[in-house]
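Peer 1:
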Amino acid sequence: MSATHISDELNLILDIPVKMTVELGRTKMTIKELLRLSQGSVVALDGLAGEPLDILINGYLIAQGEVVVVSDKFGIRITDIITPSERMHRLSR
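So the mapping is simple: my numbering equals the position in the sequence shown, first residue as 1, plus 412.
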């Protein structure tokens with residue numbers, strides 16, 4: 413395969429939208445606990461305060477980062493990320 417052919421194929425997918433999710437933490441609960449939740453309930457998560465957050469693209473972990481504020485909205489500053497080729501490999505699964 414020529415470099416031009418690979419480049420043309422890559423250009424075909426560059427504008428495909430992907431879903432980015434930043435995961436603060438997880439927990440498990442019973443249905444009973446779920447049904448007891450109400451406005452003001454606090455749910456403890458497994459993530460520790462100050463720990464890097466996981467950044468997922470289409471459900472695949474690709475980076476970690478920290479919360480920042482951008483124009484009165486939450487943002488994420490990437491602190492660690494896998495290589496571009498590994499990102500493409502994970503998305504092609």
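Heads up, the beta-carbon is just placed ideally off N, CA and C, and yes, glycines get one too. Small disclaimer: the values here were computed from a predicted structure and weren't measured.
Please list, in chain order, all residues of the same chain as R523 whose beta carbon is under 7 Å from its beta carbon, the five residues on each side excluded.
Peer 2: For residue 523 there is no data in the structure shown, the boundaries of the chain being 413 and 505.
Peer 1: According to DSSP, is D420 part of a helix, a strand, or is it coil?
Peer 2: D420 falls in the helix class under three-state DSSP.
Peer 1: To the nearest angstrom, how far is the alpha carbon of H501 from that of I425?
Peer 2: Roughly 13 Å separates the two Cα atoms.
Peer 1: What's the C-alpha gap between E435 and D427?
Peer 2: So the alpha carbons of these two residues sit roughly 24 Å apart.
Peer 1: Using only alpha-carbon positions, find the residue among I474, E478 and I469 that is nearest to T495.
Peer 2: Checking every option, the nearest Cα to that of T495 belongs to I474.
Peer 1: Measure the Cβ-Cβ separation of I443 and I467 and say whether it is below 8 Å.
Peer 2: The answer is no: Cβ separation not under 8 Å.
Peer 1: Can you name, in chain order, every residue of its own chain whose Cβ lies under 8 Å from the Cβ of P464, other than the five neighbours on each side?
Peer 2: For P464, where only same-chain residues beyond five positions count, the Cβ hits under 8 Å are Q476, G477, E478, T491 and D492.
Peer 1: How is L473 classed by DSSP in three states: helix, strand or coil?
Peer 2: Of the three classes helix, strand and coil, the one that applies to L473 here is strand, per DSSP.
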